[in-house]
Amino acid sequence: MGKLHVFDHPLIQHKLSILRDEETSVKEFRELVGEIAMLMCFEATRDLPLEEVEVKTPVAMAKVKRLAGKKLAVVPILRAGLGMVDGMLKMIPAAKVGHIGLYRDPTTLEPVEYYCKMPPDISERDVIVVDPMLATGGSAIAAIGFMKKYGCKHIKLMCIISAPEGVKAVQEAHPDVDIYTAALDSHLNEHCYIVPGLGDAGDRIFGTK
Numbered sequence: 037m038g039k040l041h042v043f044d045h046p047l048i049q050h051k052l053s054i055l056r057d058e059e060t061s062v063k064e065f066r067e068l069v070g071e072i073a074m075l076m077c078f079e080a081t082r083d084l085p086l087e088e089v090e091v092k093t094p095v096a097m098a099k100v101k102r103l104a105g106k107k108l109a110v111v112p113i114l115r116a117g118l119g120m121v122d123g124m125l126k127m128i129p130a131a132k133v134g135h136i137g138l139y140r141d142p143t144t145l146e147p148v149e150y151y152c153k154m155p156p157d158i159s160e161r162d163v164i165v166v167d168p169m170l171a172t173g174g175s176a177i178a179a180i181g182f183m184k185k186y187g188c189k190h191i192k193l194m195c196i197i198s199a200p201e202g203v204k205a206v207q208e209a210h211p212d213v214d215i216y217t218a219a220l221d222s223h224l225n226e227h228c229y230i231v232p233g234l235g236d237a238g239d240r241i242f243g244t245k
């Protein structure tokens with residue numbers, strides 16, 4: 037079963053408290069989403085392999101560690117996932133970015149892909165799927181499924197706020213995928229909003245209603 041990683045770092049928790057506040061402006065909300073994603077990226081990339089190399093400092097030769105050429109890709113689920121991309125690229129600037137757009141069919145309630153654009157070598161990359169909210173898990177499950185169809189073998193899911201229902205659904209559908217989140221909230225309400233959550237992340241990032 038994929039592991040659930042809930043971050044308790046004070047900086048993340050402080051920024052999350054402002055993110056939840058309904059009085060937080062669009063500008064500040066957007067900046068905070070990027071900052072939280074950047075901080076979470078540290079932990080989500082903790083297992084990247086290193087190799088030892090030698091460099092010459094102004095004083096002497098030194099044996100140091102560098103990333104061992106691991107190829108990474110960040111794949112936001114449109115549209116809210118876009119808010120997390122810039123923060124992550126500040127930490128891993130060499131990563132490629134794919135995009136996946138999903139909507140829920142009003143009849144079947146199943147996620148349907150409406151847009152998908154991936155780097156040509158996506159199957160060779162470790163993928164981090166990002167979306168600020170993990171509610172029912174439907175979009176995340178579908179997005180991860182699409183990535184597997186592209187041949188991706190190492191996939192992680194990174195969300196800022198998660199509901200237990202969504203975590204359970206993703207773990208059951210994709211037991212090989214680790215989930216990284218800044219908060220595990222109480223439950224989903226009758227409208228499938230996370231409680232206490234922060235409302236609609238996409239609307240709050242882009243200033244829409």
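Numbered according to the numbering used here, the sequence shown spans residues 37 to 245. From the three backbone atoms N, C-alpha and C, an ideal C-beta is built for every residue, glycine too. Just so we're clear, the structure is a prediction, and the values are computed from it rather than from any experiment.
CB-CB under 6 Å to H190, same chain, minus the five flanking residues each way: which ones, in chain order? Sequence-distant Cβ neighbours of H190 in its own chain, meaning closer than 6 Å and more than five residues away, are D162.
Quick one, which of V89, V111, K192, I113 has its alpha-carbon nearest R102's? V89
Does the Cβ of K99 have 16 or more other Cβ atoms within 10 Å, making it buried, or fewer, making it exposed? exposed
Using the C-alpha atoms, what's the distance from D239 back to P211? Whole-angstrom Cα-Cα distance: 31 Å.
May I ask you to report which of helix, strand or coil DSSP gives A178? helix
Using 8 Å as the threshold, is the region 173-180 in touch with the region 202-211, meaning 3 or more CB pairs across them? Cβ pair count under 8 Å is three or more, so yes.
Buried or exposed: which applies to D214, given that a residue is buried once 16 or more other Cβ atoms fall within 10 Å of its Cβ? buried
Helix or strand or just coil, what does DSSP make of K107? Residue state, collapsed to three classes: coil.
For P46, does the three-state DSSP call read helix, strand or coil? Here P46 carries a helix assignment [DSSP, helix/strand/coil].
Given a threshold of 16 other Cβ atoms within 10 Å of its Cβ, counted over all protein chains shown, does V69 qualify as buried or as exposed? buried
Exposed or buried, A130, counting other C-beta atoms within 10 Å across all chains shown (16 or more means buried)? It counts as exposed.
Taking the continuous alpha helix (DSSP H) assigned at M120, which residues delimit it? 118-127
Residue range of the alpha helix (DSSP H) that includes C77: 62-80
Contact defined as beta carbons within less than 8 Å: I believe L40 pairs with L234. What is the distance between those atoms, to the nearest angstrom? Contact flag wrong, Cβ pair sits at about 20 Å.
So, helix, strand or coil for P112, using DSSP? strand
For the pair the region 133-142 and the region 82-96, tell me if three or more CB-CB distances fall below 8 Å. No, because fewer than three Cβ pairs between the region 133-142 and the region 82-96 fall closer than 8 Å, the two stretches do not touch.
Write down every uninterrupted run of the alpha helix (DSSP H) in the region 141-228 whose length is 4 residues or greater and which is fully enclosed by it, in chain order. 174-185, 200-209
Within a Cβ cutoff of 6 Å, which residues of the same chain sit near L118, ignoring the five residues on either side of it in sequence? Cβ neighbours of L118 beyond the five flanking positions: P112.
Let me confirm a value: T144 is counted as buried when at least 16 other C-beta atoms fall within 10 Å, else exposed. Which label applies? exposed
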